[in-house]
Amino acid sequence: MTKKTYHAMHTWFLGILMWSALPLYAQQDSISDDSNSSDTTTIVRNDLIDTTQQASKEQPVVVDLKLNALQGRVVALTQEIDSAKADQDTLRNNVGVLDTVIQPSTVFLNEKVRDITVLKREISRYRQDLQLERQKQSTSANNDSNRVDGVLHELQLGIEDSLMRLDQRLDGLLANVVQIRENLTNPVLTDTLAQDSSYSATMEMPTRRRVMTSIRNNLDSDKPLEQFFDYAAWSSRLLLILLTLGYLYWTFRLGREEESTKQRWRLFKHFPLWIPLVKSLIFFLILLPLTAYVIPIFIIQMSYLIIFMLLYGLHYSQFSTVQRNAVHVVFGVFLLLIVANLIISEALWIRLIAGVLNVFGLIVTWRIGQPTKEGEPANHIRPVAKWAILLGFTVSIISNIFGYVYLARISSIAASVGLIQALALRAFGTMLLKDLDQHYNKVSRENLIRRFDLQRMLNSLNRLISLICLIIVAIVVVNNLNITARTANFLQGVLYKEHALGSITYNYANLLLAILVLWGSNWLQKNLKHLLNDPSSDELQMKRMTLFPLFRLILVVVSFFFAISILGLGLDKLTVIVGALTVGIGFGLQNIINNLVSGVILVFEKPFKIGDYIELADKKGQVLEIGIRSSVLLTDQGAKVIIPNADLFSGRLVNWTFSSTDIRVNLDLSITGSNNIEDVKERLRNRLKNDRFVDKSIPIKVYTKDIQPDTYKISIQVGVKNVRQIERFRSQFLEGIKEELHTLQVNIASV
-1 MTKKTYHAMH TWFLGILMWS ALPLYAQQDS ISDDSNSSDT TTIVRNDLID
49 TTQQASKEQP VVVDLKLNAL QGRVVALTQE IDSAKADQDT LRNNVGVLDT
99 VIQPSTVFLN EKVRDITVLK REISRYRQDL QLERQKQSTS ANNDSNRVDG
149 VLHELQLGIE DSLMRLDQRL DGLLANVVQI RENLTNPVLT DTLAQDSSYS
199 ATMEMPTRRR VMTSIRNNLD SDKPLEQFFD YAAWSSRLLL ILLTLGYLYW
249 TFRLGREEES TKQRWRLFKH FPLWIPLVKS LIFFLILLPL TAYVIPIFII
299 QMSYLIIFML LYGLHYSQFS TVQRNAVHVV FGVFLLLIVA NLIISEALWI
349 RLIAGVLNVF GLIVTWRIGQ PTKEGEPANH IRPVAKWAIL LGFTVSIISN
399 IFGYVYLARI SSIAASVGLI QALALRAFGT MLLKDLDQHY NKVSRENLIR
449 RFDLQRMLNS LNRLISLICL IIVAIVVVNN LNITARTANF LQGVLYKEHA
499 LGSITYNYAN LLLAILVLWG SNWLQKNLKH LLNDPSSDEL QMKRMTLFPL
549 FRLILVVVSF FFAISILGLG LDKLTVIVGA LTVGIGFGLQ NIINNLVSGV
599 ILVFEKPFKI GDYIELADKK GQVLEIGIRS SVLLTDQGAK VIIPNADLFS
649 GRLVNWTFSS TDIRVNLDLS ITGSNNIEDV KERLRNRLKN DRFVDKSIPI
699 KVYTKDIQPD TYKISIQVGV KNVRQIERFR SQFLEGIKEE LHTLQVNIAS
749 V
């Protein structure tokens, strides 16, 4: 490529880049001219127009997706604040229109202050990232890329200039919020709204307008409902929907009648058809908080109200009279608290009602789990959850007394939802554990799940459910306390903050993910043996167990490199470590590496397999296990011999069952005190034929090996179904035949 062609292509590329940036001028002009209702905002916007026009003449502007998103959020925030200020101005000019104009609440203003603070932090973080990137480019610049680096430098300056103007605009919005808050204490407005004050309304009856205004203000202080039901929000719930459908199918299979003569439309022996549908709906609603971090408080309350009703219908027949009455009381308190927290305001009458209900909820929570007159607990929850719920009700009561209505409301919501949630999550865990236990006991012995121990599976599932429930509780509590933005910023600052260890940078989020990957792979390679173990197919089982060490090695290596990539460490950074390991291997790890390489070669070449009867030097026996570093041999005397793979690979090995998959056991017995050796042989054959571990397809051989005065040496060769049953077969056979021959006054001993 010639130099002219290079410059032509470079100029064409820059022209396309600058042409793509033209829509941003119109966008920034529209952002600057959105509204003129606020004096302070108008001044800031006029300055922004001049700055934008000046910047457009001096340096280019880049179309940046993150910058556009920040600009859009600032525009939306400006419209909300301007609308609140316009309503307040209307209220100030027309005092008699209180029924149509809503006075902005302090909750609304505090929320907007938090939104402005979050945006300013994001802008500051973005500017720091741009400055850091510019420093990296300046240090890595060379003569061939000076021209391109200059253009990129100008583009970065344009982005930083736009971010600075957004920051100034947020300062203007913050000043507007402060002005609106100061107008809340304006004498004109205070006199007009005095009828809704905390203590001046003690003798007045509640009106429909006050109740509707309180409901509107409380819902506005929570998250908007329409965003939760938006079409785009359901994309994150697709996996949960698929899991729910799978759980529905599983519960239908569990309830299927084994006998075809049963009723057609009853899938459960003791429960009707709707049971799987109810359990699936509970499954979906319980796990719903995992699909969205921000959830409206009203949605959380309604979800757990439905969950509680479904669980009540599901376990109605199992409740005693005392338990049923306790459930009725809890349900009534929760329902009344939902209504009270929805219409609560600074009016004294509703605060008294809410305070009484919180006291009643405190008493009910304290009584749960305590023995009744009949000697049984109504129900119980975990002690930590119980004390946390009691603390929530206590904070709500104290805050209500001292006039902190907002704190009293969110504390009451968190405590009441926590009470229902504690009972629902415990029932949810019990439901899943019972389903697993029922599935395990119903399937055949050849099923995959029967290869695992039931109690260990139940314990593992219980720990997994506890972890999931802990995450759900954290999400629900954060939403009920309305601190989602603060919690997200805190976690983001802690988990995603970059740390340096020499030349390596990392954050705690990637570190935790890498640890989780290593832990999961370690757990999987330990339990992979249960997945590969299939007693129903001996030949297939031998092939699987032969490749088992290779599977474990591949799993560990892949997980290690995957964890390294998560931490952001390239393989080039491991060159020094690999070089050091190479030197160590050359001097001190020769034997270990030799055994490892020999083990891999043995797996692929397959000179023997598990169950083969081999002979190596003075050791002979059946192969019990083939490992990466060493293999285990079971001798005829019952001893387990560990042989390094290097010896098996390089030694003179004899495989007596190389062309056969049969597993044979050789026994040498010494018989004394018998005058009829043929009768003893016949008894030996009969016992071997009736042994459950013996493979009947392999001929049983019983013959005389040696004769001495008063002693016969008998040799036995018999086939066994599984190599892991050899020791059990040997033990039961020798004990049984000794007891049988002892009645005939014949002594037997193994040689």
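Using this note's numbering, count along the sequence shown one by one with no gaps and you end on 749.
For every residue, glycine included, the Cβ atom is placed at its ideal position computed from N, Cα and C.
Here the structure is a predicted model, which is why all the values come from computation and not from measurement.
A Cβ-Cβ distance of about 7 Å is found for the pair Ile735 and Leu682, placing them in contact under the 8 Å criterion. Fewer than three pairs of CB atoms, one per stretch, sit closer than 8 Å, so the region 272 to 288 makes no contact with the region 386 to 393. Around the beta carbon of Asp677, a 10 Å sphere encloses fewer than 16 other beta carbons of the protein chains shown; the residue is thus reported as exposed.
In this structure, Asn508 keeps its C-beta atom at 7 Å or more from the C-beta atom of Glu496.
Around the Cβ of Asp610, a 10 Å sphere holds 16 or more other Cβ atoms; the residue is buried. Rounded to whole angstroms, Phe606 and Ala644 show a C-alpha spacing of 14 Å.
Under the 8 Å Cβ criterion, the region 407 to 423 does not count as touching the region 435 to 450, having fewer than three qualifying pairs. For Val716, the three-state secondary structure derived from DSSP is strand. Bridge partners of Tyr611 according to DSSP: Gln620.
Per DSSP, Tyr310 is not a residue of any beta strand (DSSP E); the alpha helix (DSSP H) it occupies stretches across 295 to 312. Contact between the region 692 to 712 and the region 635 to 652 is absent: fewer than 3 CB-CB pairs across the two stretches fall below 8 Å. When DSSP states are grouped into helix, strand and coil, Asp708 belongs to the coil group.
For a cut-off of 8 Å, the C-beta gap from Ala747 to Ser672 is around 13 Å, too long to register as a contact. Within a 10 Å sphere around the beta-carbon of Met429 sit 16 or more other beta-carbons, which makes this residue buried. For Tyr438, the enclosing alpha helix (DSSP H) has its first and last residue at 403 to 440. Distance from Asn356 to Ser318 at the Cβ level is roughly 28 Å; contact not present, criterion being Cβ atoms closer than 8 Å. Residue state for Thr319 is assigned as helix, using DSSP reduced to three classes. When only Cα atoms are considered, Tyr710 and Thr670 end up about 7 Å apart. Apart from sequence neighbours up to five positions away, the residues of its chain that approach Ser519 with a beta-carbon distance below 6 Å are Leu553, Ser557, ordered along the chain. At a Cβ-Cβ threshold of 7 Å, Ala338 and Ala324 do not count as neighbours. If you keep only unbroken alpha helix (DSSP H) runs of at least 4 residues inside the region 467 to 538, you get 482 to 493, 506 to 530. Taking a cut-off of 8 Å for Cβ pairs, the region 308 to 318 and the region 359 to 368 do not touch, as fewer than three such pairs fall below it.
A direct Cα-to-Cα measurement between Pro697 and Pro642 gives close to 33 Å.
Here DSSP, grouped into helix, strand and coil, assigns Ser629 to strand. Proximity of the region 293 to 300 to the region 212 to 224 meets the contact definition, three or more beta-carbon pairs being nearer than 8 Å.
In the DSSP assignment, Val598 falls within the unbroken alpha helix (DSSP H) covering 588 to 603.
With contacts defined as CB atoms closer than 7 Å, Asn477 and Ala412 fail to qualify as a contacting pair. With 16 or more other Cβ atoms inside 10 Å of its own Cβ, Phe306 counts as buried.
For Ala345, the three-state secondary structure derived from DSSP is coil. If you draw a 10 Å sphere on the C-beta of Tyr245, you find 16 or more other C-beta atoms in it, and that means buried.
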